[in-house]
């Protein structure tokens with residue numbers, strides 16, 4: 006399954022998180038997004054989404070704000086410390102979105118993610134408190150990211166099979182990552 010990974014501000018493709026996802030069997034699309042033009046970053050992300058039809062869109066920090074501003078259809082959003090108050094117009098997230106965020110984040114306050122969940126009318130379980138800092142590059146956070154993406158792939162396959170077939174939904178059988186994150 007494809008994942009569209011949208012990196013953060015002053016970051017580049019090929020970082021720790023998209024590499025970790027690729028090592029766990031995902032096909033990761035990780036475009037270069039311009040730092041100085043948010044609208045161009047959204048346009049690039051939308052074009053990549055439309056081209057690859059990923060099951061999951063992961064957005065890290067500013068990339069989370071980019072992810073919130075594209076039309077992601079049935080794909081799950083997995084937002085890592087999303088910088089939604091700094092960039093973009095979106096102030097809510099769709100059902101099924103998961104946010105991973107560290108309370109120790111010194112770049113984007115954890116309270117911003119709490120507010121986003123509340124604005125969206127989502128259950129508190131949509132926000133997973135994990136990690137030691139803004140990067141979420143520690144082993145526990147990386148495993149939680151894998152689990153969030155695997156759950157998103159299952160939801161996407163089930164939704165797609167319900168839309169395009171009268172047959173029962175396809176069930177994927179993905180092995181669990183070492184640490185389980187709530188879905």
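Residue numbers (the working numbering): 6 to 188.
All C-beta atoms, glycine included, are put in the ideal place defined by N, C-alpha and C.
Note that the coordinates shown come from a computational prediction; the quantities given were computed from them, not determined experimentally.
Please confirm whether residue 127 and residue 87 have their CB atoms less than 8 Å apart. Residue 127 places its beta carbon 8 Å or farther from that of residue 87.
Give the straight-line distance between the Cα atoms of residue 83 and residue 72, rounded to the nearest whole angstrom. Going from the Cα of residue 83 to the Cα of residue 72 covers about 9 Å.
Proximity to residue 96 [Cα-Cα], best of 76, 122 and 129: Just measuring C-alpha positions, the residue of 76, 122 and 129 sitting nearest residue 96 is 122.
Delimiting residues of the beta strand (DSSP E) encompassing residue 49: Not the beta strand (DSSP E): residue 49 falls in the alpha helix (DSSP H), residues 43–57.
Verify the CB distance criterion: does residue 114 have a CB-CB separation below 8 Å to chain B? Of the protein chains in the structure, only one exists, and it is not chain B.
For residue 132, which option in 13, 116 and 53 has the closest C-alpha, if you only look at C-alpha atoms? The residue with the shortest Cα to Cα distance from residue 132 is 116.
Contact under 8 Å by Cβ, residue 85 with residue 141: Here residue 85 is near residue 141, since their CB atoms are less than 8 Å apart.
Can you look up residue 29 in the DSSP assignment and give me helix, strand or coil? Note: residue 29 maps to coil in three-state DSSP.
Give me, in chain order, the residues of the same chain whose beta-carbon lies closer than 7 Å to that of residue 109; leave out the 5 immediate sequence neighbours on both sides. By the criterion of a C-beta distance shorter than 7 Å, residue 109 is surrounded in its chain by 137 and 138, once the five residues flanking it on both sides are discounted.
If you compare alpha carbons, which of 134, 67, 111 and 104 is closest to residue 61? Selected option, being the one with the closest Cα: 104.
Cα-Cα separation between residue 67 and residue 155, rounded to whole angstroms: Take the alpha-carbon of residue 67 and the one of residue 155: they are about 23 Å apart.
For residue 134, list the residues DSSP reports as bridge partners. For residue 134, which the question treats as bridged, DSSP gives the partners 106.
Quick check: the Cα distance between residue 3 and residue 129, rounded to an integer number of angstroms? The structure shown does not extend to residue 3, since the chain spans only 6 to 188, so no value can be given for it.
Under the DSSP definition of a beta bridge, which residues are partnered with residue 65? Under the DSSP definition of a beta bridge, residue 65 partners with 85.
Residues near residue 113 by beta carbon distance below 6 Å, same chain, minus five either side: Apart from sequence neighbours up to five positions away, the residues of its chain that approach residue 113 with a beta-carbon distance below 6 Å are 86 and 88, ordered along the chain.
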